[in-house]
């Protein structure tokens, strides 16, 4: 979920972020230990924490980055494939332990005075869940995303029109850890008309 126009000083939001950060780090450690137990990696969790001590939460990206910085490798696979296999929900070695849901995110974004938007809906996998989030209170949907084809974008545009929600877009740029398919910040985005609609909805 994306949250536009939120009050970043909202106490409920701060508490929520602290909770999900701790949960994400715990989930990452569980999957890290799973990869170790399977003999895919031989690396120390404490070293990951040491190299990323400034981070409020630790994800698989930080594991791969720490290993890369130390010249460590994964057995029979690249670090990118190790990340995809053990640290993405779609990965064959991923163990899901997180309990917070997208519906929780809708609630907390609203409590913080923000506008909840469904991020890259293609990754959700089915329209029923997308529609469920809209009915629950999501006010927009990310139509323009590098992972979504032209046909998929048209489908989500139609969905937005059908349910009266606005559309957003972005490159999903996450700095140096972004995929090669996401070349730079701002490489995918929103046209000016829909941007103005988003601004009006956020006021």
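In my numbering, the protein residues as written are 202 to 404. In this text, a Cβ means the ideal position worked out from N, Cα and C, and glycines have one as well. Please read all numbers here as calculations on a predicted model, not as lab measurements.
{"Item": "Secondary structure of residue 294, DSSP reduced to three states", "Value": "coil"}
{"Item": "Simplified DSSP assignment, three categories, for residue 278", "Value": "strand"}
{"Item": "Residues that DSSP places opposite residue 318 in a beta bridge", "Value": "203, 341"}
{"Item": "Helix, strand or coil at residue 288 according to DSSP, with G and I counted as helix", "Value": "coil"}
{"Item": "Residue 260 versus residue 250 - alpha carbon distance", "Value": "10 Å"}
{"Item": "Whole-angstrom distance between residue 227 and residue 326, CA atom to CA atom", "Value": "25 Å"}
{"Item": "Sufficient close CB pairs (3 or more, under 8 Å) joining the stretch 308-318 to the stretch 336-351", "Value": "yes"}
{"Item": "Spatial distance of residue 408 from residue 349 (CA atoms)", "Value": "The shown model of the chain, from 202 to 404, leaves out residue 408, and the question about it has no answer."}
{"Item": "CB contact flag (residue 235, residue 292, <8 Å)", "Value": "no"}
{"Item": "Status (buried if at least 16 other CB within 10 Å, exposed otherwise) for residue 337", "Value": "exposed"}
{"Item": "Sequence-distant residues of its chain with Cβ nearer than 6 Å to residue 285 (five each side left out)", "Value": "292"}
{"Item": "Range of the contiguous beta strand (DSSP E) that encloses residue 261", "Value": "Where residue 261 is concerned, there is no enclosing beta strand (DSSP E), although the alpha helix (DSSP H) it sits in stretches over 261-270."}
{"Item": "C-beta atoms of residue 308 and residue 347 nearer than 8 Å", "Value": "no"}
{"Item": "Chain-order list of residues whose beta-carbon lies under 6 Å from that of residue 283 (same chain, five-residue window excluded)", "Value": "275"}
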